[in-house]
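In my numbering, the protein residues as written are 557 to 896.
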Ligand code: GLU
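Quick look at the structure:
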């Protein structure tokens, strides 16, 4: 009797392995009895179970890193998340990582990881605008598409990505632009990294600035990152907020300036005093789009300021914190805003 040999042709191809790191957010949130809801209630296993078919895209290794609303995201969780993500990426059997995250500060975490991770493998952040218990919850499809993206070789070498509402965004470009709508994420300056519709992927041009493998901005092994505050400018602004931030110990200030990163005269005087005292002052814009250039309506060279280029204030803060951990020199910090 001849034993039946498994035919090569009938062997299903091995599925790629994707690590899924959970941090909380609305994607894991539950509605209360009234209008409200709480973030980060459901386990990552139950989120995966709610995305039928995801198991046919990849073998998933699910890990809990945190269970928070992303308004509580900060350096402590970022450090843990960066370490866990890098460890997963360094496993030769893992082809990519998905991170579930609240949408409020997703762009900050994505940009932070974009600068400190060292990998060419896909890293995809995903969230949802509607809680897992809501009518037409967007989390399951977003998670399904995020896993498809992380498992796809075309997503490699693009830095950290954000997947939501059938769109694939670059970490540097994406911003949350709406409080409630599922199409909240926009990449205003340079467009999308790609599209993903029920796991069918289309990739466009690559990222334009340094990230992951080409980033030189490592997370210092010890100590806290230098304190950087964001200050929102407005008509009639005085100097008080700037002076207070410096007195409180800020090593850097990101001004969410009006228009092209502008400030009124009193705030300029306060910021110039801060810059002379060694505090890095970055001019970004509260407009949500456009480039802040040097020496347009303000003499940055004389005042000792740094222009944020295209980074919005919250991302400029991330770059400045990491930059200040490496250098205090104004010219070198300015160069970072042109390169990252
Ligand atoms: N505040 C929540 C968070 O960022 C809600 C936003 C969301 O996840 O959609 O975690």
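Ideal Cβ positions, reconstructed from N, Cα and C, are used throughout, including at glycine.
When DSSP labels each residue in this structure, what does residue i get in the three-state scheme?
i, result
"residue 826", "helix"
"residue 841", "strand"
"residue 794", "coil"
"residue 663", "helix"
"residue 717", "strand"
"residue 835", "coil"
"residue 753", "strand"
"residue 887", "helix"
"residue 768", "helix"
"residue 868", "coil"
"residue 877", "helix"
"residue 612", "helix"
"residue 710", "helix"
"residue 847", "coil"
"residue 642", "helix"
"residue 816", "coil"
"residue 894", "helix"
"residue 561", "At residue 561, the pLDDT of 49 sits below 50, so the modelled position is not reliable and the matter cannot be decided from this model."
"residue 586", "strand"
"residue 672", "helix"
"residue 809", "strand"
On the premise that residue j lies in contact with residue i, defined as a C-beta separation below 8 Å, what is that separation, rounded to the nearest angstrom?
i, j, result
"residue 680", "residue 652", "7 Å"
"residue 684", "residue 693", "6 Å"
"residue 749", "residue 759", "7 Å"
"residue 672", "residue 707", "Not really, about 23 Å apart at Cβ, beyond 8 Å."
How should residue i be labelled, buried or exposed, when 16 other C-beta atoms within 10 angstroms of its C-beta is the threshold for buried?
i, result
"residue 725", "buried"
"residue 558", "Because the pLDDT at residue 558 is just 45, under 50, the model does not fix this residue reliably, and the point stays unresolved."
"residue 764", "exposed"
"residue 691", "exposed"
"residue 561", "Legend: pLDDT at residue 561 = 49, less than 50; position of this residue unreliable, value from coordinates given subsequently. Under this definition residue 561 is an exposed residue."
"residue 890", "buried"
"residue 732", "buried"
"residue 868", "buried"
Does any heavy atom of ligand 1 sit closer than 8 Å to the C-beta of residue i?
i, result
"residue 623", "no"
"residue 817", "no"
"residue 702", "no"
"residue 688", "no"
"residue 658", "yes"
"residue 665", "no"
For residue i, report the span of its beta strand (DSSP E) as first-last.
i, result
"residue 756", "756-759"
"residue 615", "615-624"
"residue 785", "784-788"
"residue 702", "From DSSP, residue 702 is part of no beta strand (DSSP E) but of the alpha helix (DSSP H) over 695-706."
"residue 859", "Here residue 859 belongs to no beta strand (DSSP E); instead the alpha helix (DSSP H) covers 856-859."
"residue 580", "573-580"
"residue 725", "723-726"
Need the endpoints of the alpha helix (DSSP H) that residue i sits in, please.
i, result
"residue 602", "600-605"
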